[in-house]
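Residue numbers (my numbering): 18 to 155. Right, one structure below, let's go through it.
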Ligand code: CO
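See the structure below:
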């Protein structure tokens, strides 16, 4: 559904400790660690009733999360992800407003197997915004 919050991604320094901490928060269901080498992260999905938290640690060399930890040594919020119905149409509409898309501007397959794009944080008042195409029923 267009505009629905899909997840908030948090970089942590200790995935086990963070999983334990989040498991104590009421209403959460904490999954097992999942290595995603193509994204340079290991992730734990924390399910909430209306969205997800994703706990991220670096995996392998050149992880984008390693660069984040160089600036934010204790971890912190990495990005917010909103759902869209048609990623290309939304991208083109945003580009027409002057927003910048990271990378080559073309969607890539994100951690959930859906096409994603990231908007430049400088255009979003300091926050990295991910847009994920989620077809209805998913
Ligand atoms: Co994400």
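Positions of the beta carbon are idealized from the N, C-alpha and C atoms, including for glycine.
Span of the alpha helix (DSSP H) around residue i
| i | result |
| --- | --- |
| residue 146 | Residue 146 -> not in any alpha helix (DSSP H); beta strand (DSSP E) instead, spanning 145-150. |
| residue 102 | First-last for residue 102: undefined, no H or E at that position. |
| residue 84 | 81-88 |
| residue 32 | 32-40 |
Backbone CA spacing between residue i and residue j [nearest angstrom]
| i | j | result |
| --- | --- | --- |
| residue 91 | residue 61 | 18 Å |
| residue 28 | residue 121 | 24 Å |
| residue 116 | residue 134 | 12 Å |
| residue 111 | residue 147 | 13 Å |
Expected contact under 8 Å - CB spacing of residue i and residue j to nearest Å
| i | j | result |
| --- | --- | --- |
| residue 44 | residue 75 | Their Cβ separation, rounded to whole angstroms, is 28 Å, which puts residue 44 and residue 75 out of contact at 8 Å. |
| residue 23 | residue 149 | 5 Å |
| residue 89 | residue 73 | That belief does not hold up - the Cβ atoms of residue 89 and residue 73 are roughly 12 Å apart, past 8 Å. |
| residue 80 | residue 58 | 6 Å |
| residue 132 | residue 99 | About 14 Å separates the two Cβ atoms, so there is no contact after all. |
Residue range of the beta strand (DSSP E) that includes residue i
| i | result |
| --- | --- |
| residue 23 | 22-28 |
| residue 6 | What is shown of the chain runs 18 to 155, which leaves residue 6 out entirely. |
| residue 133 | 132-136 |
| residue 52 | 51-53 |
Backbone secondary structure at residue i - three-state DSSP
| i | result |
| --- | --- |
| residue 69 | strand |
| residue 111 | helix |
| residue 15 | Past the boundaries of the shown model lies residue 15; the chain is included only from 18 to 155, so the question cannot be answered. |
| residue 43 | coil |
| residue 94 | strand |
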